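As numbered in the numbering used here, residues 395 to 623 make up the sequence shown, in order.
Every residue gets a Cβ at the ideal spot worked out from N, C-alpha and C, and that includes glycine.
The structure displayed is predicted, hence computed values, not measured ones.
One structure is given below, encoded as structure tokens.
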Amino acid sequence: MDYNPIYIMYATIIVIIIVLIDHLFFRKEAIITRKLKNKKGLKVSEVQNGNYITFKGKVVAGTSLLKAKLSNRSCVCYSVQLQEYSTENSYWSTASEQNIYQQFFLDVDGAYIMIVPNLMLYDANESYFSMENQKSPEKLDGLPFSFKYTLKEYEEDGYDWKANKKKYLRFREGIIEVGEIVVVKGIAQWKTINEEIEGYSGSKILTLTGTKKHKLIITGITKVVNKTN
């Protein structure tokens, strides 16, 4: 069957357009980058209370560090996931996820910003980590109930999730660690400093936090960080 060259050309153009739209607008990195986009760039000293603003900087530890549950790595926040593999759809889906946050500082060209996750309203925080596969844990201490519930169902079906020979499950973890370059977007609020902060001499400090409507967004995904000014 002969095909009209014009139809072939149009079909090719349509495919290219679809691929470009998918890449620019619907890929995970593109979605995050759009969320983090600033309407106008401001220096830390120029920010006013109530601004919903994005900054890129280096993570500085707060008073203490967290220990990631699977790898035991030191960090300021982390995510753990339990994913299931669907043999029918050849696709990994997240059965359970837990994100843990704590307060930390961001060094933006020598100016410090205090990042204050809302620990009472987790819907106010939105994080995107570079996830890595981890070995199945020997113990489930400290992991959320949803993890234990899912694994118990596998045990009842006779599946040894620790050996995981059929690779139906995988544990994943992502962290934000000290010294890492990250991007954070949040609601700005200037606070008076009541106690000494190592490396910072100002009497006030800019804080970033979030609400359910205007979330505190944190990411260390390299592609997103590199695209953010």
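Which same chain residues, not among the five before or five after Trp584, have their C-beta less than 7 angstroms away from its C-beta? Working through the sequence shown from its first residue, we reach residue 584 at position 190. Same-chain partners within the cutoff: Asn443, Lys598 and Leu600.
Where Gln475 and Asp535 are concerned, what is the direct C-alpha to C-alpha distance, given to the nearest angstrom? Indexing the sequence shown from 1 puts residue 475 at position 81. Indexing the sequence shown from 1 puts residue 535 at position 141. Approximately 15 angstroms, taken between the alpha carbons.
Could you please give me the residues that DSSP links to Phe541 through a beta bridge? What you label residue 541 is simply residue 147 of the sequence shown in a count that begins at 1. Bridge partners of Phe541: none, in fact.
Thinking Lys461 and Leu537 are a contact (beta carbons under 8 angstroms), I'd like their distance in whole angstroms, please. Start at 1 with the first residue of the sequence shown, and residue 461 comes out as number 67. Start at 1 with the first residue of the sequence shown, and residue 537 comes out as number 143. Not really, about 13 angstroms apart at Cβ, beyond 8 angstroms.
N- and C-terminal bounds of the alpha helix (DSSP H) containing Asn519: Walking along the sequence shown from the start, residue 519 turns up at place 125. Note, Asn519: premise wrong, no alpha helix (DSSP H); beta strand (DSSP E) at Asn519 to Tyr522.
Hey, would you say Gly552 sits closer than 8 angstroms to Met525, going by beta carbons? Within the sequence shown, the letter at position 158 stands for residue 552. Within the sequence shown, the letter at position 131 stands for residue 525. For Gly552 and Met525, no; Cβs fall outside 8 angstroms.
Kindly indicate which three-state DSSP category Leu430 falls into: helix, strand or coil? The residue labelled residue 430 in the question sits at position 36 within the sequence shown. The answer is helix: DSSP assigns Leu430 an H, G or I state.
Is the beta carbon of Val572 sitting closer than 8 angstroms to the one on Thr613? For the purposes of this step, residue 572 is identified with residue 178 of the sequence shown, where counting begins at 1. For the purposes of this step, residue 613 is identified with residue 219 of the sequence shown, where counting begins at 1. Not a contact, by the Cβ cut-off of 8 angstroms.
Please check the pair Ser473 and Phe541, which I expect to be a contact at CB under 8 angstroms, by giving their CB distance rounded to whole angstroms. Along the sequence shown, one-based indexing puts residue 473 at 79. Along the sequence shown, one-based indexing puts residue 541 at 147. Not confirmed; about 13 angstroms, so no contact.
Tell me whether the beta-carbon of Ile587 lies closer than 8 angstroms to the beta-carbon of Gly593. Position 193 of the sequence shown, counting from 1, holds the residue named residue 587. Position 199 of the sequence shown, counting from 1, holds the residue named residue 593. No. Outside cutoff.
Can you round the beta-carbon distance between Ile615 and Ile426 to whole angstroms, since I take them to be within the 8 angstroms contact cut? By one-based count along the sequence shown, residue 615 stands at place 221. By one-based count along the sequence shown, residue 426 stands at place 32. At roughly 7 angstroms, the Cβ-Cβ gap stays under 8 angstroms, so Ile615 and Ile426 are in contact.
How is Phe420 classed by DSSP in three states: helix, strand or coil? What you label residue 420 is simply residue 26 of the sequence shown in a count that begins at 1. Residue confidence for Phe420 is low, a pLDDT of 45 falling below 50, so the modelled location carries little weight and cannot support an answer.
Would you say Ser521 and Cys469 are within 8 angstroms of each other, going by their C-beta atoms? In the sequence shown, residue 521 corresponds to position 127, counting from 1. In the sequence shown, residue 469 corresponds to position 75, counting from 1. No, the pair does not count as a contact, with Cβ atoms beyond the cut-off.
If you measure between the beta carbons of Thr544 and Ala505, is that distance less than 8 angstroms? Position 150 of the sequence shown holds residue 544. Position 111 of the sequence shown holds residue 505. Not a contact, by the Cβ cut-off of 8 angstroms.
Comparing alpha-carbon positions, which option in Asn519, Leu563 and Lys431 lies nearest Ser484? Sequence index remark: in the sequence shown, residue 484 carries index 90 (1-based). Of the listed residues, the one whose Cα sits closest to Ser484 is Leu563.
For the alpha helix (DSSP H) containing Val619, list its first residue and its last residue. Counting from 1 along the sequence shown, the entry for residue 619 is found at position 225. First-last of the alpha helix (DSSP H) with Val619: Thr616 to Lys621.
Option nearest Asn466 by Cα separation, candidates Glu532, Ile575, Glu440 and Lys607: Position 72 of the sequence shown holds residue 466. Taking only the C-alpha atoms, the option nearest Asn466 is Glu532.
Exposed unless 16 or more other CB atoms sit within 10 angstroms - verdict on Asn529: Here residue 529 refers to the residue found at position 135 when the sequence shown is read from its first residue. Looking at the sequence shown, residue 529 is not Asn but Lys. Classification of Lys529: exposed, given that the 10 Å Cβ count is below 16.
Going by C-alpha distance, which of Val502, Lys606, Asn623 and Leu602 is nearest Gly451? Here residue 451 refers to the residue found at position 57 of the sequence shown. Minimum Cα distance to Gly451 is reached at Val502.
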